[in-house]
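Beneath this line is the structure, given in structure tokens, with notes to follow.
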Amino acid sequence: MSEATLTPVVPSVGTPFRKAAFWRRLLRRPTTLLALAFLALLFALAIFAPLVTAYDPLGGGDSSLLEPLSPGHWLGTDDLGRDIWARVVFGTRISLTVGVMSALCAVVVGVIVGALAGYFGGWLDALLMRIAEFFQTLPRFVVALIVIALFGTSVFKMIVVIAALSWPQLARVVRASVAALAQSQFVDAARVAGMGHGAIIVREILPNVAAPIIVLGSLDIAMAILIEASLSFFGLGDPNHVSWGAMLNDAQQYLRSAWWMSAFPGLAIALTVLSFNVVGDALNDALNPRGPK
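Sequential numbering from 1 applies to the sequence shown in the working numbering.
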């Protein structure tokens, strides 16, 4: 999805937000409904993980090493006898935590930088956009890999690193939208009424830039989950938490003899990333109905 696709059409002042039309456009595709249902299930599993499995995802398992799918172990066990279902369920927590929190941090930074650059323009715009361009040229995964390898791993560090590499695209989109809206009549009216710059940006401009912020935020969650899983696969995940990527790392030598060790965490990663991307595309269509389909 290109930056131009996500740039919203400037709405006419006073146009009411048609909630019914929004939900109808959002939910018209069966794939969107499936993606939303899957994500709702994921968040429920993350919240109620201890209630849906009685097994310890980190501790040593029982004597059933590499046991296939069975009534006692729905998704089998790994080479240490740990229940795969329990590990997949608890792995949901780290994936969603890193994904959602890093995306939220990236959105906050991107909105602030983009809004300031677009509203004030001039040298501040040039400076902030050069900084954004620098960060945008950096390969996210490679930089995250180097930083985590040098400074150690933890959930907090992952969130900070991924967020620091994810804000530039959003900042550029917000900057373009704010720059267009800053010259509109309703903003001029707000200035004449005595509103300060901060109030104009927050109350008058940003609500009209909500569409690309929401869409890019959802896509950033998917990218963050993928980066976290990749880091964990390379052994740079937090050892105090179960990660789908770490499960794939453990399953490398058992790809043929115990396929379930890699199949289920791999499927969880693929479906989660796909679901967030599907929802992001649906949000783009629903919030920007005049944009490309």
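Even glycine gets a Cβ: it sits at the ideal position worked out from N, Cα and C. In this text, all values refer to a predicted model and were calculated from it rather than measured experimentally.
Residue i, buried or exposed, once every other Cβ within 10 Å from all chains shown has been counted against 16
| i | result |
| --- | --- |
| Phe134 | exposed |
| Arg140 | buried |
| Arg172 | buried |
| Thr137 | exposed |
| Lys293 | A caution first: Lys293 carries a pLDDT of 47, below 50, which makes its placement in the model unreliable, though a value can still be read off. Exposed, because fewer than 16 other Cβ atoms sit within 10 Å of the Cβ of Lys293. |
| Ala258 | buried |
| Gly296 | Here the chain comprises residues numbered 1 to 293, so residue 296 is not present and cannot be evaluated. |
| Phe151 | exposed |
| Pro68 | exposed |
| Ser12 | The predicted position of Ser12 is uncertain, since its pLDDT is 39 and thus under 50; no value can be drawn from it. |
| Leu42 | buried |
| Gly245 | buried |
| Ala37 | exposed |
Test item: CB-CB of residue i and residue j under 9 Å
| i | j | result |
| --- | --- | --- |
| Leu45 | Arg82 | no |
| Ser243 | Ala229 | yes |
| Gly91 | Met247 | yes |
| Arg111 | Val174 | A small correction: the amino acid at residue 111 is Val; Arg does not occupy that position in the sequence shown. Contact: yes. |
| Leu216 | Gly122 | no |
| Ala286 | Arg25 | yes |
Separation of residue j from residue i, as counted between CA atoms
| i | j | result |
| --- | --- | --- |
| Ala4 | Met158 | Since pLDDT at Ala4 reaches only 40, below the 50 mark, its modelled position is unreliable, and no value is offered. |
| Pro30 | Val278 | 11 Å |
| Ile201 | Leu145 | 36 Å |
| Lys19 | Ile148 | 43 Å |
| Leu226 | Leu127 | 31 Å |
| Arg93 | Ile213 | 24 Å |
| Val155 | Phe186 | 43 Å |
| Thr272 | Ala211 | 22 Å |
| Val142 | Met261 | 27 Å |
| Leu104 | Val161 | 13 Å |
| Leu124 | Ala115 | 11 Å |
| Val9 | Ser70 | Bear in mind that the predicted position of Val9 carries a pLDDT of just 41, short of 50, making it unreliable; the figure below should be weighed with that in mind. Distance between the alpha carbons of Val9 and Ser70: 54 Å. |
| Leu267 | Ala189 | 53 Å |
| Asn249 | Ala179 | 46 Å |
| Arg130 | Val113 | 11 Å |
| Gly198 | Leu219 | 28 Å |
| His241 | Asp56 | 12 Å |
| Arg203 | Arg191 | 12 Å |
| Gln252 | His73 | 21 Å |
| Arg28 | Ser64 | 46 Å |
| Asn284 | Leu51 | 36 Å |
| Asn288 | Arg256 | 47 Å |
Given residue i as reference, the closest of the options once Cα atoms are compared
| i | options | result |
| --- | --- | --- |
| Asp79 | Asn288, Tyr254, Ile269, Thr272 | Tyr254 |
| Gly118 | Gln136, Ser184, Thr97 | Ser184 |
| Ser166 | Thr32, Met101, Pro207, Phe38 | Met101 |
| Leu206 | Leu36, Ala176, Ser275 | Ala176 |
| Leu181 | Met195, Leu39, Leu170, Asn208 | Asn208 |
| Ala132 | Ile47, Ile84, Ala163 | Ala163 |
| Thr153 | Leu219, Phe120, Gly196, Ser232 | Ser232 |
| Gly196 | Phe120, His241, Gly235, Ala37 | Phe120 |
Expected contact under 8 Å - CB spacing of residue i and residue j to nearest Å
| i | j | result |
| --- | --- | --- |
| Val88 | Pro265 | 6 Å |
| Gly99 | Ile221 | 4 Å |
| Ala106 | Leu170 | 6 Å |
| Ser275 | Ala35 | 4 Å |
| Thr32 | Ala282 | 4 Å |
| Ala86 | Thr53 | 4 Å |
| Leu75 | Ile84 | 4 Å |
Residue i Cβ short of 8 Å to the ligand SAM heavy atom set
| i | result |
| --- | --- |
| Ala224 | Absence of the ligand SAM is noted for the structure shown, with no ligands found whatsoever. |
9 Å Cβ cutoff, residue i in contact with chain C
| i | result |
| --- | --- |
| Leu27 | This model lacks chain C altogether; it includes just one protein chain. |
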